[in-house]
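Chemist: The listed protein sequences correspond, in order, to chains B and W. Going by the numbering used here, the first sequence opens with residue 1, and the numbers climb by one from there. Going by the numbering used here, the second sequence opens with residue 1, and the numbers climb by one from there. Glycine included, every Cβ here is placed at the ideal spot set by N, Cα and C. Model, not experiment: these values are computed from the prediction.
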Amino acid sequence: MNIIVCIKQVPAKDAPLSINGNWIKESDIAFEMNEPDSYALEEALRLKEKHGGEVIALSMGPERVKQTIKEALAKGADRGIHIADDNFAQLDPLGAATYLAAAIKKEKFDLVLTGLQSDDHGFGQTGVLLAGLLDLPHATIIMAIEAQDGKMRLKRELEAGWFQHIECPLPAVLSIQSGINKVRYATLKGIMAAKKKEIATITPQSLGVTAQPTQKVEKIYVPTKTKKTEFLTGTPKEAAAKLVEKLKFEARVI
Amino acid sequence: MKILVVTEQRQNKWNNTSFETLAAAQQIAKDTSSTVSAAILGKGLSSLADDLAGKNVSEVLLLEHDLLENYTPDGYCVALKQLIESTKPDLILFPHSYQVRDFAPKLAAQLGKGMIGDCIGYKNESGKLVFVRQMFQGKTNADVTFQSAAPWFASFQAGAFRADLVEPNTSGKASVNAVSVNLSAEQIRTKPQDLFKEAKSAVDLTQAPLIVAIGRGIKAPENIPQAEAVAKALGGEIAASRPICDEGWLPMERQIGSSGQTVAPKLYLALGISGAIQHVVGMKGARTIVAVNKDQNAPIFEIADYGIVADIFEVMPALTEALEKAKNS
C-alpha cells in the first residue's frame, strides 16, 4: 500500500507569537511538525508495516520545512517531497490544496492521509479539498482504519460521543483524528537511516497549476476581552487562599 | 443579496447549531438588506421543514431523496451543487459541525470557490463582509474576506450566535418548496453504516456541578494525582482537554470539548489549559470559570472569571490545602 502523508510545519506550540500584518514574524521562533499530522504519519507507518508499500512525506513551505520532512523520514517514511514556496503562509486552503494535489497526481498511491487541521491557520480543509481535486472518495475524523481487498472499513468520530463505521474504496483521502494512535519517536537508527533517504524538491511553478485566491486573511490580532477576569496575585499560597475566598463568598459556588 | 442557510439533521433530529447559523443569517440579512432561505436535506422531513417555515425565512428548500436518508459527502455535494446552481444564492452559510467539515469545502471547490470555515462573527465594513475566525488555536483572531465572485461559503462555530434569537415568522408560515435532486447510487462512493456509542461511561460529567480540568500544562501522567487532589478537596470531578485523553492519561469519557462532553457546571477550574476553541466550546457555559496558567496571554483567560497567572505545580498543592481548610472551618 503506497501512502502519501501531507505534513505541515507550524510554529512551535509554546512559541511567542509576534503579529506582523496577516501573519507572524517568523524570525526567532521555532517550527515543528503540526501535531495532528504526526498522527496521520504514524497511521501511515502502521499501515505500511502491516500491508507493505511505501510512505511518502509531502510538505509545502520555505526551506525550513525540510527539517520536518527529515523528521518524518527518521520515523520511518521512505522518501520526501518538498514543494518549495516562501509564500506558502499566504495561500488560502484551496490554493495550498491545488499545489499539493498536482504533486500527488505525479505519484502512484493508494491512500492520501492528512491530519485533522493545522495548529496555525486551523482551516481543517486540506484533506476534503484534495479529495475534490483528485476526484477521490474521502472520509474525515477517522479513528480506525482496516484495509482489505481494495477497500477500507473506517471508524469515523461524530459529535457528542457518537461514532460510525463506513466502508470506503481505495484509492481515497482520509483526514485522521488526533489520538487515533500513539505516535512513535524517531530512533537514533532511524535518524541515521534518514540521511540516506531522498527528498525531492519541486517548485509550485513546475506543477503546471496556478491557484487563484478565493479568500484572504486581511489581518490577525489579539482578540479584545469580552469578560472581565479578576486576576488573583501574590504567592501561589496567597492566590489560592484568595481564590477559595472568592469562590465561597463572591461566586458562591462552593 | 440572497443568503442560503444549509441546516443539519441526523436521523430526523435537529443539530441545534442549525438555528444558531440561521440567527447569524438573519442578522447579516438585516445588516445588508438581504433575504434568507433555509435548506434541509434527507428523507421524511416534513415536520422539520415545518419548523423552519415557522422562522423568518423567505422560503424553505426541501431536498428529499432515498439516497440522502443517511449522510454521505458525495450525496450531499451532488444535491447541494444542484440547489446552488438552480437557486443562485450569493452567500451560503453552514453550522461548523463535523458533518459540514466533511463535505462543505469540497462543495465550494467544485464551484471553484473557497470557504471561510469556523467563523465566530462577521463585520459589515461599508458593504464589504468581513468574517472573523480564530487562528493559532484561539491565540489570535483573523479578519478574512472573499476574493472571488459569489457564491461565497462560510460556516459559524457552535455558540458564535444564539439559537434563541432566531426570529419567528410573524406572518404565518414560509412556503416549503420541494427541490428535485438527480442522484444515483453509483455517485456515492462511501457506504455509511449504523451509528454507535462506545460502552456507556461510568461518569456523567454533564451532571457534575464542580469540575477540575487539566490540559497540556500537567506535562506527565504522574502529575495527575496532584490535580485529582484538588478535585477531591473540592468534591468535584476530574476532566481534561483533548490532548490528555489522546495520550491515554485519562479515559476519553473525561474529555471536554467539541469531540467530547459539553458541560455547564457551577464551577469549572481549568489547570494548565490554554483554551483552544475546541475545548472552550465544551465548557464556556459554566457559571464560574477559573483558569490557572503560567501564560498570561493564554486564551482561556478571555473567558475566565478568576485567573491566577502561575505555575500550576505551585498552585495545585496550595489550592488543595486552602480548600481543605475552608471545608474544615
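(1) Extract the residue ranges of the beta strand (DSSP E) inside the region 124 to 202 of chain W, only unbroken runs of 3 or more that lie entirely within it.
(2) Are there 16 or more other CB atoms within 10 angstroms of the CB of Y39(B), so buried, or fewer, so exposed?
(3) Please report the straight-line C-alpha distance between I84(W) and L91(W), rounded to a whole angstrom.
(4) Does E146(B) have its Cβ less than 8 Å from a Cβ in chain W?
(5) Using a C-beta cutoff of 8 Å, does S178(B) count as contacting chain W?
(6) Thinking Q11(W) and V78(W) are a contact (beta carbons under 8 Å), I'd like their distance in whole angstroms, please.
(7) Please list, in chain order, all residues of the same chain as D74(W) whose beta carbon is under 8 Å from its beta carbon, the five residues on each side excluded.
(8) Count the other CB atoms, across all protein chains shown, that sit within 10 Å of the CB of F31(B); report buried if there are 16 or more and exposed otherwise.
(9) Mark R133(W) as exposed unless 16 or more other C-beta atoms lie within 10 angstroms of its C-beta, in which case mark it buried.
(10) Could you spell out the range, first to last residue, of the alpha helix (DSSP H) harbouring H279(W)?
(11) Tell me which residues share the same chain as T21(W) and place their Cβ nearer than 6 Å to its Cβ, disregarding the 5 neighbours each side in the sequence.
(12) Comparing the C-beta of Q90(B) with each C-beta of chain W, is any distance below 8 Å?
(13) The beta strand (DSSP E) spanning N328(W) covers which residue range?
(14) When the distance is taken between beta carbons, is Y122(W) closer than 8 Å to V28(W)?
(15) Using a threshold of 8 Å, state whether the C-beta atoms of A72(B) and I7(B) are closer than that.
(16) Quick one: what's got a C-beta closer than 7 Å to N2(B)'s C-beta in the same chain, skipping five residues either side?
(17) Roughly how many angstroms separate the alpha carbons of I19(B) and D92(B), rounded to a whole number?
(18) So, D85(B) versus V10(B), is the Cβ gap smaller than 8 Å?
(19) Using a Cβ-Cβ distance cut-off of 8 Å, determine whether A119(B) contacts chain W.
(20) Listed from N- to C-terminal order along the chain, which residues in the region 44 to 58 of chain B have their beta-carbon within a distance smaller than 9 Å of any beta-carbon of chain W?
(21) If you draw a straight line from the alpha carbon of D305(W) to that of E230(B), how long is it in whole angstroms?
(22) Does chain W have any CB closer than 8 Å to the CB of F249(B)?
(23) Please state whether DSSP places D305(W) in a helix, a strand or coil.
(24) Drop a sphere of 10 angstroms on the beta-carbon of R162(W), count the other beta-carbons inside from all chains shown, and report buried for 16 or more, exposed for fewer.
(25) Checking 8 Å against the spacing of the C-beta atoms, do G114(W) and S148(W) come in under that value?
(26) Going by Cα to Cα distance, which pick from V230(W), N70(W), G236(W) is closest to H165(B)?
(27) Run the proximity test for Q205(B): is its beta-carbon closer than 7 Å to any non-hydrogen atom belonging to the ligand MN?
(28) Helix, strand or coil for P16(B) per DSSP?
(29) Contact criterion: CB-CB distance below 8 Å. Does Q226(W) meet it with respect to chain B?
(30) Nearest to K196(B) by alpha carbon, out of G76(B), L47(B), H51(B), E63(B)?
(31) Give me the residue from G217(W), L267(W), L250(W), D246(W) with the minimum Cα distance to D311(W).
(32) Find the nearest neighbour of M60(B) within the set D37(B), L129(B), A240(B), F88(B), judged by alpha-carbon distance.
(33) To the nearest angstrom, report how far apart L165(W) and D204(W) are at their CA atoms.
(34) Given a threshold of 16 other Cβ atoms within 10 Å of its Cβ, counted over all protein chains shown, does V253(B) qualify as buried or as exposed?
(35) DSSP three-state call for L134(B): helix, strand or coil?
(36) I'd like to check one pair, K182(B) with P169(B): are the Cβ atoms closer than 8 Å?
Modeler: In terms of the structure at hand:
(1) 128 to 135, 140 to 146, 152 to 156, 175 to 178, 191 to 197
(2) buried
(3) 10 Å
(4) no
(5) yes
(6) About 21 Å separates the two Cβ atoms, so there is no contact after all.
(7) Q187, I188, R189, T190
(8) buried
(9) buried
(10) 277 to 280
(11) V5, L93, P95, F156
(12) no
(13) Looking at the DSSP string, N328(W) is not in any beta strand (DSSP E); the run it does join, the alpha helix (DSSP H), is 312 to 328.
(14) In the sequence as presented, Val is not what sits at residue 28(W); that position holds Ile. Result yes, Cβ atoms of I28(W) and Y122(W) sit closer than 8 Å.
(15) yes
(16) G53, E54, K108, F109, D110
(17) 18 Å
(18) no
(19) Note that residue 119(B) is Asp in the sequence shown here, rather than Ala. Yes, D119(B) counts as interfacial toward chain W.
(20) none
(21) 6 Å
(22) no
(23) coil
(24) exposed
(25) yes
(26) N70(W)
(27) By its list of ligands, the structure shown contains no ligand whatsoever, and the ligand MN lies outside what it can speak to.
(28) coil
(29) no
(30) G76(B)
(31) G217(W)
(32) F88(B)
(33) 30 Å
(34) buried
(35) helix
(36) no
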